[in-house]
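Please read the structure below before turning to the comments.
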Amino acid sequence: MLTCDTHVQQETTSTIQSLYQSFLHYPDTQNNREQALCFIAAQLGQARALTCDLPDDIQNLTQWSDAHVVEVGDAYQAYLSKRKAGGPREYFQSRSHALFYLQAIAPTKFVDGAWLYGLTRHWRDERFYPLIKTYIEELGVGNAQQNHVLLYRKMLERNGCFNHINEADSLYLQGAIQLALGHNSEAFVPEILGYNLGYEQPPLHMLITAYELKELGIDPYYFTLHVTTDNASTGHARQAVDVVQRLAPAVGSTDTFYDRVKAGYRLNQLGLNYKALLASFNLEQQTVKMLEQKRFYGTNMHSDFCRIEGKTVNEWLQTPGQIKAFLNAMVKCRWVKRNEDPQRSRFWQLIAGDNAKMAGVFSPYEAQLIYDWIAGDWLANRADQHASNKVARLVQPAQPSANCAAPSNNPVENNEGDVDSDVQRFEREVTGLPTDDKMRRLIQLMAPQTHTTAAGLLATRMFWKYLCR
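My numbering puts the first residue of the sequence shown at 8, with every later residue one more than the last.
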């Protein structure tokens with residue numbers, strides 16, 4: 008059997024992203040189970056030196072949570088007062104900045120609720136009911152329109168962000184922690200309680216993010232949903248407090264248990280925080296990076312009718328590392344008019360509009376980067392900054408209306424191999440199984456890697472229906 012020392016050595020040669028992918032897609036292999044255990048042990052060790060604002064007495068957690076709500080509410084009202092007085096946005100300089108941020112936090116959002124997954128095995132134990140309920144609600148109770156991971160994916164897809172998920176290792180740390188906890192719940196119940204306690208308290212940044220996304224024409228529903236479901240009166244925040252007190256040992260010392268809860272709580276502080284993430288955005292760097300990635304697909308695809316600074320477009324694109332010079336050349340020859348309405352720039356006219364020669368070349372996010380980079384001070388100085396919000400509509404087809412045909416929720420007879428054949432096969436498989444076997448199979452499909460599938464959504468509905476019978 009491998010020791011944690013061995014796994015720590017392996018971790019130095021593995022990226023956090025690779026661990027994240029292993030914990031997500033192959034959690035049940037012996038090596039990954041051991042590696043996840045050692046990974047969490049290492050993270051707990053790192054978090055030990057961090058501050059913890061939980062009260063000394065476990066019985067004071069409710070007052071602590073209530074005080075947090077007051078603090079966040081006061082801070083949010085102060086933010087709104089500054090905005091109403093004409094103050095600028097505090098998080099997002101531009102729409103592309105907001106989309107950059109949404110992509111950067113995606114690795115965590117794609118495993119929303121994963122730290123609670125393992126507790127579903129305790130479905131017979133009433134003490135765990137609030138945490139299981141929280142997990143089921145993260146899964147939308149089996150409704151694709153409410154499943155948190157699917158909601159986040161949909162938001163990214165609508166804004167053309169999926170090809171630009173940030174691969175910085177630090178952005179995968181929180182997701183890896185959540186997955187490792189979820190697949191090793193038997194060893195880390197107090198730590199999971201503490202992590203859940205910290206994660207479910209409504210944060211100020213969630214409120215401000217939702218407010219500024221709406222200003223920028225980005226649907227904030229994913230964030231507003233969390234504001235409401237995580238409320239500290241009846242929502243996940245209050246349930247997180249109650250379950251810690253419910254599971255505290257009634258006999259003997261509570262200190263060891265509570266110390267482990269605090270250790271799990273501190274795990275929330277690891278990784279890149281949102282302030283550092285927001286500050287890391289550089290519009291020109293991201294525009295150059297995006298065009299460098301696109302360069303491969305555009306090389307030798309242009310005609311040679313025009314030259315820019317003595318080079319054809321193909322010549323500019325043939326050699327890596329020339330994109331910034333290419334952009335400067337377009338500015339110099341007035342193909343791009345920086346700090347003006349992008350509609351006046353010849354380059355932008357090729358990208359967007361009814362007769363754009365480069366229609367479809369750039370995703371909405373890619374076009375947004377170019378638009379905001381060209382606009383520069385022109386956009387920043389406008390009293391009405393909503394012009395930037397229209398970019399997505401200029402570069403992609405209209406979204407289907409709500410009246411368009413949608414997949415039916417009714418069972419459809421499919422042949423083997425059809426899209427939904429696995430759902431029908433799964434229904435046949437679990438029908439008639441003994442209760443324990445049935446619940447075990449449902450839980451397997453409610454795992455972080457499968458709960459968004461049609462079969463996973465059905466399993467979630469069936470699990471919850473049985474639990475609420």
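The beta-carbon is built from N, C-alpha and C at its ideal position, and this holds for glycine as well.
Cβ separation of residue i and residue j, assumed to be a contact under 8 Å, to the nearest whole Å
{"i": "N154", "j": "I225", "result": "In fact, because the Cβ distance is near 19 Å, the residues do not count as touching under 8 Å."}
{"i": "L31", "j": "N191", "result": "Not confirmed; about 14 Å, so no contact."}
{"i": "V437", "j": "L449", "result": "7 Å"}
{"i": "T127", "j": "M469", "result": "With a Cβ gap of about 13 Å, T127 and M469 do not count as contacting."}
{"i": "V343", "j": "I315", "result": "The Cβ separation is near 10 Å, so there is no contact."}
{"i": "V297", "j": "H171", "result": "One detail in the question is off: residue 297 reads as Met in this sequence, not Val. Confirmed, about 7 Å."}
Residue i, DSSP secondary structure in three states
{"i": "A413", "result": "The pLDDT assigned to A413 is 42, lower than 50, so where the model puts this residue is not dependable, and the model offers no usable value."}
{"i": "A43", "result": "helix"}
{"i": "N173", "result": "coil"}
{"i": "P95", "result": "coil"}
{"i": "E207", "result": "coil"}
{"i": "T294", "result": "helix"}
{"i": "F470", "result": "helix"}
{"i": "E347", "result": "coil"}
{"i": "Q100", "result": "coil"}
{"i": "R131", "result": "coil"}
{"i": "T442", "result": "helix"}
{"i": "P60", "result": "The sequence given here has Asp at residue 60, not Pro. Of the three classes helix, strand and coil, the one that applies to D60 here is coil, per DSSP."}
{"i": "L157", "result": "helix"}
{"i": "A121", "result": "helix"}
{"i": "R55", "result": "coil"}
{"i": "E420", "result": "Residue confidence is low: E420 scores 48 on pLDDT, short of 50, so the model does not pin down where it sits. No coordinate-derived value is stated."}
{"i": "R498", "result": "With the chain running from 8 to 476 in the structure shown, residue 498 is simply not present."}
{"i": "K364", "result": "coil"}
{"i": "H75", "result": "helix"}
{"i": "N289", "result": "coil"}
Unbroken alpha helix (DSSP H) run spanning residue i, endpoints
{"i": "F433", "result": "428-437"}
{"i": "A194", "result": "First-last for A194: undefined, no H or E at that position."}
{"i": "V148", "result": "Premise fails: V148 is in no alpha helix (DSSP H) and is neither H nor E."}
{"i": "G278", "result": "G278 -> no alpha helix (DSSP H), and no H or E assigned at all."}
{"i": "W342", "result": "No alpha helix (DSSP H) holds W342; DSSP gives it neither H nor E."}
{"i": "V250", "result": "243-254"}
{"i": "V258", "result": "Segment: none, V258 is in no alpha helix (DSSP H) and carries neither H nor E."}
{"i": "V234", "result": "228-236"}
{"i": "W380", "result": "371-382"}
{"i": "I23", "result": "23-32"}
{"i": "P114", "result": "113-116"}
{"i": "I358", "result": "353-358"}
For residue i, the residue or residues it bridges with in DSSP
{"i": "I315", "result": "K318"}
Beta-carbon gap between residue i and residue j smaller than 8 Å
{"i": "L51", "j": "L274", "result": "yes"}
{"i": "M162", "j": "L232", "result": "no"}
{"i": "Y136", "j": "Y229", "result": "no"}
{"i": "A111", "j": "L188", "result": "no"}
{"i": "A479", "j": "I358", "result": "Absent from the model: residue 479. The displayed extent of the chain is 8 to 476, so no value can be given."}
{"i": "D237", "j": "P256", "result": "no"}
{"i": "F117", "j": "V76", "result": "no"}
{"i": "P6", "j": "F264", "result": "The structure shown does not extend to residue 6, since the chain spans only 8 to 476, so no value can be given for it."}
{"i": "D176", "j": "Q24", "result": "yes"}
{"i": "V250", "j": "L68", "result": "no"}
{"i": "H243", "j": "E299", "result": "no"}
{"i": "G201", "j": "K269", "result": "yes"}
{"i": "F195", "j": "I47", "result": "yes"}
{"i": "W130", "j": "L474", "result": "yes"}
{"i": "T294", "j": "I65", "result": "no"}
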